[in-house]
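In this note's numbering, the protein residues as written are 1 to 91.
These notes are about the structure you will find just below.
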């Protein structure tokens, strides 16, 4: 599902215009991103949670040349599905 398809689904379900539904979807996504940037976890009960994982720096290798390269530490977002979502998918 793309963002445009999600906006269409919200518009149809809620009876709002596509423009209003797009504002709602974008606001939710922006709120999730802002919270993650601040280092907070985002938990949506019954759906799942978004969190950050710390990846430490490491020595990597350029696959083309074989040259060793330094890969800096970084934060990576990940999604952990909730119990209800897992049950719905596996039923």
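Each residue gets a CB set at the ideal place from its N, CA and C atoms; glycine is no exception.
Treat the numbers as computed from the prediction; the structure is a model and nothing was measured.
Pull up the DSSP beta-bridge partners for residue i, would you.
i, result
"residue 51", "78"
"residue 39", "DSSP lists no partner for residue 39."
"residue 58", "71"
"residue 95", "Here the chain comprises residues numbered 1 to 91, so residue 95 is not present and cannot be evaluated."
"residue 44", "48"
Excluding five sequence neighbours on each side, which residues of the same chain lie with their C-beta closer than 7 angstroms to the C-beta of residue i?
i, result
"residue 35", "42"
"residue 7", "18, 21, 22 and 25"
"residue 11", "17, 18 and 21"
"residue 28", "none"
Please work out which residues of its chain come closer than 6 angstroms, Cβ to Cβ, to residue i, disregarding the five sequence neighbours upstream and downstream, and give them in chain order.
i, result
"residue 56", "73"
"residue 63", "none"
"residue 14", "none"
My assumption, with CB atoms under 8 angstroms, is that residue i sits in contact with residue j. Please give the rounded CB distance.
i, j, result
"residue 61", "residue 68", "6 angstroms"
"residue 100", "residue 46", "Residue 100 lies beyond the range of the chain shown here (1 to 91); nothing can be said about it."
"residue 86", "residue 54", "Contact flag wrong, Cβ pair sits at about 25 angstroms."
Touching by the beta-carbon criterion (3+ pairs, under 8 angstroms), the region 73 to 87 and the region 38 to 53: yes
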